[in-house]
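Residue numbers (this note's numbering): 13 to 139.
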């Protein structure tokens, strides 16, 4: 019985880690929030975020599309125009994201204060 409980716990942690891993990176939440306003081209997303590299934005968009959170629309023009928009699944994530953002805004000062007074435990001596 104990083995089954451990297996279920491991599976649950794996599912949570697998899905939430996408939102613990530096850029995904910012990209999703930009797309909340509507369909945007790559260059406009990059300009609005500011400090994201072209490579990192491309990678983030690819991962979000892979997870079904955004849709990529390519227009047959020269040069090709590519636009991104939220899918229904991506839109369903906006509520929880807004809650997380509101929490971050409300508690930013407390988090910074805690970081300022935190003292790391001493490292164990090398053997």
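Glycine included, C-beta positions come from ideal geometry on N, C-alpha and C.
Nothing here was measured: the structure is a model prediction, and the numbers come from that model.
- Each residue's CA atom was taken as its position, placing residue 44 and residue 92 some 23 Å apart.
- Cβ contact annotation for residue 80 (same chain, cutoff 7 Å, sequence separation greater than five): 99, 101, in chain order.
- Separation of residue 69 and residue 133 (C-alpha to C-alpha, rounded to the nearest whole angstrom) is 37 Å.
- For the set 95, 90, 89, 72, the Cα lying nearest the Cα of residue 83 is the one of 95.
- Distance from the CA of residue 54 to the CA of residue 135, rounded to the nearest whole angstrom, comes to 45 Å.
- Between the beta-carbon of residue 29 and that of residue 75 there is about 15 Å, and that puts the pair past the 8 Å contact cut.
- Taking the Cα positions, residue 111 is about 10 Å away from residue 105.
- Excluding the 5 residues flanking it on each side, residue 41 has same chain C-beta neighbours closer than 7 Å at 35, 109, in chain order.
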